[in-house]
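Have a look at the structure below, then the notes.
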Amino acid sequence: MLGICLDNVRKTVPLVHNITNYVTVNDVANILLACGGSPIMSDEPEDVEDITSICGGLNINIGTLNQRSIQGMHRAGKKAAQLHHVLLLDPVGAGASALRTNTAVDLMEQLPFTVIRGNISEIKTLALGSGKTRGVDADVSDAVSDENLDSAVAFVKDFAQRSHAIVAVTGAIDLVSDGQRCFVIRNGRPEMGKITGTGCQLSGMMTAFVVANPDRRLEAAAAAVCAMGLAGETGWSRMAPGDGNSTYRNRIIDAIYNMDGAALDKGAKYEVR
Amino acid sequence: MLGICLDNVRKTVPLVHNITNYVTVNDVANILLACGGSPIMSDEPEDVEDITSICGGLNINIGTLNQRSIQGMHRAGKKAAQLHHVLLLDPVGAGASALRTNTAVDLMEQLPFTVIRGNISEIKTLALGSGKTRGVDADVSDAVSDENLDSAVAFVKDFAQRSHAIVAVTGAIDLVSDGQRCFVIRNGRPEMGKITGTGCQLSGMMTAFVVANPDRRLEAAAAAVCAMGLAGETGWSRMAPGDGNSTYRNRIIDAIYNMDGAALDKGAKYEVR
Amino acid sequence: MLGICLDNVRKTVPLVHNITNYVTVNDVANILLACGGSPIMSDEPEDVEDITSICGGLNINIGTLNQRSIQGMHRAGKKAAQLHHVLLLDPVGAGASALRTNTAVDLMEQLPFTVIRGNISEIKTLALGSGKTRGVDADVSDAVSDENLDSAVAFVKDFAQRSHAIVAVTGAIDLVSDGQRCFVIRNGRPEMGKITGTGCQLSGMMTAFVVANPDRRLEAAAAAVCAMGLAGETGWSRMAPGDGNSTYRNRIIDAIYNMDGAALDKGAKYEVR
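Protein chains in written order, with the working numbering: chain A, 105 to 377; chain B, 105 to 377; chain C, 105 to 377.
This is the structure:
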């Protein structure tokens with residue numbers, strides 16, 4: 105069921121416009137190519153409207169935002185919304201600075217995001233208007249676990265309803281909800297947290313998945329989460345003694361490159377609540 | 105014949121100033137080091153004149169242009185031209201937005217480029233004043249093939265004459281012409297298109313090749329194209345089951361690192377028309 | 105003795121704010137994660153004060169400086185100084201342009217740096233007010249060698265005293281001094297110079313080491329230098345035929361990921377003068 109979402113990316117080669125941080129942008133581009141999409145990057149306000157017009161989706165990531173790129177996010181977002189494109193927000197570091205929190209909140213208020221994807225701290229910041237983000241990594245005390253799963257699912261469903269978006273909270277257990285249903289996903293490995301940008305990569309890839317599956321957007325977002333986690337598992341199984349996080353980064357992108365819908369269906373670990 | 109062009113890079117260690125996009129800049133730096141050159145990056149208008157003065161060549165790539173870096177391109181280009189440095193233009197995404205098209209055309213009108221390198225859509229945009237660029241990748245319908253090779257060679261020769269530059273159009277078949285002769289090159293693999301930035305890498309490396317070979321610039325530009333394609337072949341031969349585009353990226357740069365002139369002469373596949 | 109400095113990084117997971125160049129930023133983030141630290145990147149003047157406040161150290165690298173990021177460096181630096189955070193300066197390319205030299209000198213005059221790390225050309229530029237930097241790589245004629253070791257050690261001690269900072273000069277032989285003692289370090293391999301950004305990576309990692317070891321800052325800075333060099337040795341030992349600088353980059357970060365204090369103690373090659 106989720107596998108077809110990946111197959112549709114490879115069939116339709118969705119072009120994704122990324123306004124993303126300069127830390128992980130190369131990996132975002134390569135994982136988009138790996139999954140069958142096509143990336144284009146542009147953040148200059150005078151450039152973004154034309155660029156987003158030829159794309160199917162827009163991935164806005166505020167990881168290394170600046171005053172110029174914030175303008176670019178708004179102009180690109182307005183144009184993408186006019187064209188009914190898929191719009192994804194990755195609020196990197198929301199809660200860690202006033203500028204990041206305010207920028208993410210402003211974007212949410214002014215743009216009809218299709219998907220909002222972040223860690224639990226970032227999403228709580230957006231949902232509750234506050235947060236205790238420790239840097240850009242999730243505060244461990246907030247982590248979704250089997251102990252707090254019921255309340256976490258309720259929180260994500262509620263925020264999805266209020267924001268009129270699919271909300272994806274990623275961590276040891278991932279939650280993806282459109283407000284009605286919630287995918288609870290258990291793919292992935294803890295070592296993925298030792299690589300910079302697995303979240304950014306997922307946001308880019310998720311945009312492509314949702315563009316390629318207009319009739320099943322929730323499943324597409326969940327499929328991207330399962331694919332990323334499964335790639336983390338497959339990539340880890342190929343690690344040799346002495347390998348570390350830099351090689352692991354390559355192995356994960358390689359695993360996406362070699363994944364097809366059947367493998368995703370077989371490896372995806374989720375339940376729907 | 106082409107191999108000596110690579111040997112000259114390793115002998116003279118040309119310093120190349122790159123104003124290039126933040127997506128693929130790390131790979132551009134590493135491939136420049138791999139081929140024997142030395143990279144330096146600077147795009148701030150107040151910095152670029154000093155930096156370009158100590159270099160032998162300037163590689164301008166408009167992949168993630170912004171208003172500030174466009175100023176940097178013009179100031180660096182004027183200084184480099186005064187000093188008779190090698191000047192290369194990589195018009196990434198020309199045709200995909202008005203800003204990109206206009207910036208590339210402005211740069212061409214104001215600077216005496218030694219080389220212009222792009223895919224067929226980008227080069228047609230510059231040559232014909234129009235284009236149907238689909239994102240930053242070449243439109244398949246425009247691809248140079250055995251069927252349209254004669255007209256493609258004639259087009260590239262004509263544009264080289266009119267622009268007073270060496271023109272390199274890269275794709276499944278690569279064409280490199282100074283307006284008189286045209287190298288038709290058949291190195292490379294289609295999987296290279298699944299890595300972000302092989303074109304950007306080639307532009308950086310080509311700048312070093314042309315700087316290191318002032319008496320045979322056309323051969324040097326063609327040698328860089330052959331070297332990149334041959335590295336794509338060598339790199340692919342070292343791929344293991346489960347490897348994908350991220351590992352392939354590393355393998356290609358590694359192959360350049362280990363290539364010498366004799367290997368390039370042996371592996372280069374071209375004819376001159 | 106140095107090994108405990110690495111163990112302390114893994115125990116305390118120091119959060120490091122990096123204002124660094126876009127060429128090597130991804131590798132800086134991954135090596136910080138590899139050694140047990142946590143990276144965050146932000147260069148927007150309106151963002152940096154909040155971000156640096158939640159961190160333990162600030163790594164300022166001027167590799168692709170621009171007018172906006174220079175403002176960010178000063179604002180972040182002032183806030184970090186108020187909070188008595190660890191402050192590191194990596195003056196990439198000082199001596200290669202007036203803007204870089206002036207920016208590095210301005211930063212030194214206005215901020216109480218804990219550590220200044222660069223190659224011999226850059227450090228001489230700062231110390232002597234002049235330099236013959238060839239691009240961003242060290243001028244070979246300046247290289248620290250067994251022949252000029254006594255005078256080089258005296259120079260580094262003197263500059264450390266005058267700048268009230270730990271000074272780290274890296275090259276074939278590395279020198280790290282607080283003005284009283286000088287670590288003379290002989291780890292590493294010459295092939296590390298064929299990878300872009302090993303110096304930038306070291307600066308990021310060194311910031312984490314010094315943050316995690318407030319009572320032995322000199323030892324911590326020296327430990328970071330030894331760890332980087334040892335990783336270069338370990339990484340090289342894992343290279344296969346056909347591997348080159350791109351794979352070597354991964355192997356070095358991987359080696360940091362797998363290094364513990366005992367291995368560092370065993371592999372560190374240094375004397376104290």
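Cβ atoms here follow ideal geometry from the backbone N, Cα and C, with glycine treated the same way.
Since we're looking at a predicted model, the values are computed, not measured.
Tell me whether residue i sits in a helix, a strand or coil according to DSSP, three-state version.
i	result
N112/B	helix
S146/B	coil
V117/A	coil
N455/B	Not covered by the structure: residue 455/B. The range shown for chain B is 105 to 377.
N349/C	helix
V244/A	Any answer about V244/A is weak, because its pLDDT of 47 lies below 50 and its placement is not dependable; what the coordinates show is given next. DSSP places V244/A in helix when its eight states are reduced to three.
G181/C	helix
L106/C	coil
Y126/C	coil
G167/B	coil
A276/B	coil
I357/B	helix
M343/A	coil
N317/B	coil
T207/A	helix
G235/C	Because the pLDDT at G235/C is just 43, under 50, the model does not fix this residue reliably, and the value given afterwards should be weighed accordingly. G235/C falls in the coil class under three-state DSSP.
N362/C	helix
T156/B	helix
I227/C	helix
D254/C	helix
T300/A	coil
G141/B	coil
S173/B	helix
S307/C	helix
A367/C	helix
G292/C	coil
I want to verify the contact list: residues of chain B whose CB lies under 9 Å from the CB of residue i, in sequence order.
i	result
R204/C	S146, D151, D154, I155
What does residue i pair with, by DSSP beta-bridge criteria?
i	result
C286/B	S281/B
S201/A	A198/A
L162/C	H121/C, L191/C
V219/C	L192/C, I270/C
V376/B	F287/B
Report the CB separation of residue i from residue j in whole angstroms; it is logged as a contact under 8 Å.
i	j	result
P181/A	L191/A	This sequence places Gly at residue 181/A; Pro is not what is there. About 6 Å; that satisfies the 8 Å criterion.
C139/A	M343/A	Not a contact, Cβ separation roughly 21 Å.
D154/B	L169/C	The Cβ separation is near 12 Å, so there is no contact.
M145/A	V127/B	5 Å
V132/C	A312/C	With a Cβ gap of about 11 Å, V132/C and A312/C do not count as contacting.
G176/C	E213/C	So it is not a contact: roughly 18 Å between Cβ atoms.
I166/B	V196/B	5 Å
C304/C	N112/C	Contact flag wrong, Cβ pair sits at about 22 Å.
D358/A	S350/B	5 Å
G199/C	S225/C	6 Å
N134/A	T300/B	5 Å
L110/C	D319/C	Not a contact, Cβ separation roughly 15 Å.
Cβ closer than 8 Å: which chain C residues qualify as neighbours of residue i?
i	result
A133/B	V127, T128, T300, G301
R342/B	G346
At 9 Å on the CB atoms, spell out the chain C contacts of residue i, in chain order.
i	result
I220/B	Per Cβ cutoff of 9 Å: no residues; I220/B is ~24 Å from chain C at best.
A138/B	K298, G348, N349, S350
List the residues of chain C that residue i touches, going by C-beta distances under 7 Å, in chain order.
i	result
N170/B	The premise fails here: N170/B is roughly 10 Å from chain C at the closest Cβ pair, so nothing lies under 7 Å.
I357/B	G348, N349, S350
Strictly below 8 Å CB to CB, what residues from chain B border residue i?
i	result
N354/C	N354
Please list, in chain order, the chain B residues whose beta carbon lies closer than 7 Å to that of residue i.
i	result
N362/A	G346, G348
Next on the checklist: So, does the region 334–343 of chain A touch the region 363–376 of chain A, judging by three or more C-beta pairs under 8 Å?
Outcome noted: The region 334–343 of chain A is in contact with the region 363–376 of chain A.
Checklist entry - Does the pairing of the region 260–269 of chain C with the region 338–357 of chain C give three or more beta-carbon distances under 8 Å? => result No, the region 260–269 of chain C does not touch the region 338–357 of chain C.
Checklist entry - Are three or more beta carbon pairs between the region 246–261 of chain A and the region 275–283 of chain A nearer than 8 Å? => result Counting Cβ pairs under 8 Å, three or more are found: they touch.
Checklist entry - Are at least three pairs of beta-carbons, each pair with one atom in the region 251–264 of chain A and one in the region 284–295 of chain A, less than 8 Å apart? => result yes
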